[in-house]
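A.B. asks:
2 protein chains.
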Amino acid sequence: MELLKERIRNDGKVKEGNVLKVDSFLNHQMDINLFGEIGKEFKRRFSDAEVTKILTIEASGIGIACVAAQYFNVPVVFAKKTQTKNIAGETYTSQVESFTHGKVYDIIVAKEFLKPEDKVLIIDDFLANGAALLGLSKLVKDSKATLVGAGIVIEKGFQRGGETVRNAGVRVESLAIVDAMDENTGTITFR
Amino acid sequence: MELLKERIRNDGKVKEGNVLKVDSFLNHQMDINLFGEIGKEFKRRFSDAEVTKILTIEASGIGIACVAAQYFNVPVVFAKKTQTKNIAGETYTSQVESFTHGKVYDIIVAKEFLKPEDKVLIIDDFLANGAALLGLSKLVKDSKATLVGAGIVIEKGFQRGGETVRNAGVRVESLAIVDAMDENTGTITFR
């Protein structure tokens with residue numbers, strides 16, 4: 001998606017440790033017009049799929065998912081991150097290891113919001129090591145719903161997540177795949 | 001807002017301890033068509049205000065804020081909840097006490113996203129004791145931006161938050177004000 005790549009080139013900042021900072025338009029301050037274009041592009045790429053629900057994860061996936069959902073005309077469910085144990089039986093739960101924060105947390109979705117007849121599209125802002133996406137996929141699998149695929153805004157193509165998730169049989173559509181970043185020059189190379 | 005009150009009456013659940021559960025359409029599963037109507041209503045109520053930015057707080061405010069922002073044509077910034085100290089000088093910080101979870105956390109916004117020339121509308125899903133809203137107001141005040149007001153989806157009129165925040169001089173527009181709830185009958189009384 002050219003508009004998105006251009007925006008990343010102009011406003012993204014490459015930081016130490018392969019961090020791509022896009023918090024001026026994607027995940028702290030959010031450019032809603034850009035989100036509209038992102039939503040349209042997800043709809044275009046998944047136009048063949050009969051999506052009944054969009055699943056995302058708090059916090060930075062929610063805004064993108066909600067704006068995109070307007071083009072699919074379906075509800076959004078967001079998985080909650082929690083470090084407290086929930087009452088068994090009421091939620092689908094999955095463990096996710098955060099490499100950024102170096103800790104393991106549970107993600108949960110109330111069972112009533114993922115049903116076997118649902119066709120679920122996962123939407124998230126980033127795909128890096130794939131931990132969050134695999135955790136979300138497990139929630140969908142546990143609910144016996146159909147996982148239609150995953151719409152990702154930015155994939156870090158130099159990390160293993162994309163390969164791992166695609167090898168697990170998930171259809172992943174990433175709107176921008178970053179193959180290399182240079183923190184000294186600020187150069188970002190897209191696939 | 002009649003459509004919203006009707007939805008709360010039909011799908012809201014009154015739980016022990018004055019908890020109003022609206023997670024089937026507002027803050028876990030999210031009805032995007034309803035969010036569109038909510039966004040239009042916020043725009044109608046604040047049509048006299050020249051809003052330049054919408055401020056909300058993670059996680060459940062984000063979806064509503066992003067859909068509403070389309071009607072204002074402005075970016076959204078969400079305050080992040082954190083229990084880690086941030087580098088002084090880079091963020092505006094405020095302390096919020098959560099009565100639900102019984103702990104104090106910091107909320108932060110990067111300084112670059114709130115400027116003195118901004119006219120800020122705060123949007124959030126709930127107003128109960130007012131702690132989050134007062135915390136957000138403080139962030140705006142610290143940034144020297146103008147606080148236009150606060151758009152709230154559901155205000156718990158039997159708690160003190162609304163009065164406290166209005167007494168502090170903040171214009172609050174709540175789309176549904178709950179004056180009483182009965183957990184035995186499930187009855188919800190609106191103002």
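First to last, the sequence lines map onto chains A and B. Residues in the first sequence are numbered consecutively from 1, following full-length UniProt numbering. Residues in the second sequence are numbered consecutively from 1, following full-length UniProt numbering. Glycine included, each C-beta is placed from N, C-alpha and C at the ideal position.
Given residue 14 of chain A, which residues of its chain have a CB within under 8 Å of its CB, disregarding the five upstream and five downstream residues?
C.D. replies: Counted from its first residue, the first sequence places residue 14 of chain A at position 14. Excluding positions up to five away in sequence, the list reads 20, 21, 181, 182, 183, 186, 187, 188.
A.B. asks: If you check the beta carbons only, do residue 103 of chain A and residue 127 of chain A fall under 8 Å apart?
C.D. replies: Walking along the first sequence from the start, residue 103 of chain A turns up at place 103. Walking along the first sequence from the start, residue 127 of chain A turns up at place 127. Cβ distance not < 8 Å, so residue 103 of chain A and residue 127 of chain A don't count as in contact.
A.B. asks: Could you give the first and the last residue of the continuous beta strand (DSSP E) run that contains residue 179 of chain A?
C.D. replies: If you number the first sequence from 1, residue 179 of chain A lands on position 179. Segment 172–181, the beta strand (DSSP E) holding residue 179 of chain A.
A.B. asks: What in chain B is Cβ-close to residue 75 of chain A, meaning under 7 Å?
C.D. replies: Here the question's residue 75 of chain A lines up with position 75 in the first sequence. Per Cβ cutoff of 7 Å: 29, 30, 31, 32.
A.B. asks: Using the C-alpha atoms, what's the distance from residue 24 of chain A back to residue 12 of chain A?
C.D. replies: Mapped onto the first sequence, residue 12 of chain A falls at position 12. Mapped onto the first sequence, residue 24 of chain A falls at position 24. Each residue's alpha carbon lies about 8 Å from the other.
A.B. asks: Whether or not the segment 44–62 of chain B and the segment 89–96 of chain A are in contact is what I'm after, with contact meaning three or more pairs of Cβ atoms, one per stretch, closer than 8 Å; do they touch?
C.D. replies: No contact exists between the segment 89–96 of chain A and the segment 44–62 of chain B.
A.B. asks: Near residue 145 of chain A, which residues of its chain fall below 8 Å by C-beta distance, leaving aside the five closest residues on each side in sequence?
C.D. replies: On the first sequence, residue 145 of chain A is found 145 positions in, with the first residue counted as 1. 53, 114, 115, 116, 117, 118, 119, 120.
A.B. asks: Can you list, in chain order, the residues of its chain whose CB lies under 6 Å from that of residue 130 of chain B, leaving out five sequence neighbours each side?
C.D. replies: Along the second sequence, read from residue 1 onward, the residue named residue 130 of chain B stands at position 130. So the qualifying residues of the chain are 161, 164, 165.
A.B. asks: Return the residue from the list A:76, A:134, A:124, A:132 that minimises the CA-CA distance to residue 110 of chain A.
C.D. replies: For the purposes of this step, residue 110 of chain A is taken as residue 110 along the first sequence, with counting starting at 1. Among A:76, A:134, A:124, A:132, the Cα nearest to that of residue 110 of chain A is on A:76.
A.B. asks: Compile a chain-ordered list of the residues in the segment 47–77 of chain B whose CB is closer than 7 Å to at least one CB of chain A.
C.D. replies: For the segment 47–77 of chain B, which is checked against every Cβ of chain A, the residues closer than 7 Å are 58, 59, 62, 63, 66, 67, 69, 70, 75, 76, 77.
A.B. asks: Are the C-beta atoms of residue 99 of chain B and some chain A residue less than 8 Å apart?
C.D. replies: The residue given as residue 99 of chain B occupies position 99 in the second sequence. Chain A, which has no Cβ nearer than 8 Å to the Cβ of residue 99 of chain B, makes this no.
A.B. asks: Just reading off the alpha helix (DSSP H) that residue 67 of chain B is part of, what are its end residues?
C.D. replies: For this step, residue 67 of chain B is matched to residue 67 along the second sequence. 60–72 is the extent of the alpha helix (DSSP H) around residue 67 of chain B.
A.B. asks: Would you tell me roughly how many angstroms separate the C-alpha atoms of residue 132 of chain B and residue 101 of chain B, rounded to the nearest one?
C.D. replies: Position 132 of the second sequence, counting from 1, holds the residue named residue 132 of chain B. Position 101 of the second sequence, counting from 1, holds the residue named residue 101 of chain B. Their Cα atoms are separated by approximately 13 Å.
A.B. asks: First and last residue of the beta strand (DSSP E) that includes residue 97 of chain A?
C.D. replies: Indexing the first sequence from 1 puts residue 97 of chain A at position 97. Run containing residue 97 of chain A: 91–98, per the beta strand (DSSP E) assignment.
A.B. asks: Identify whether residue 133 of chain B lies in helix, strand or coil by the three-state DSSP scheme.
C.D. replies: On the second sequence, position 133 is the one that residue 133 of chain B refers to. DSSP places residue 133 of chain B in helix when its eight states are reduced to three.
A.B. asks: Can you look up residue 46 of chain A in the DSSP assignment and give me helix, strand or coil?
C.D. replies: Looking up residue 46 of chain A in the first sequence gives position 46. Coil.
A.B. asks: Buried or exposed: where does residue 35 of chain A fall if 16 or more other Cβ atoms within 10 Å of its Cβ makes it buried?
C.D. replies: Within the first sequence, residue 35 of chain A is the residue found at index 35, counting from 1. That one is buried.
A.B. asks: Taking the straight line between their C-alpha atoms, what separation do you get for residue 106 of chain B and residue 82 of chain B?
C.D. replies: Here residue 106 of chain B corresponds to residue number 106 of the second sequence, with the count starting at 1. Here residue 82 of chain B corresponds to residue number 82 of the second sequence, with the count starting at 1. Computed Cα separation, rounded: 5 Å.
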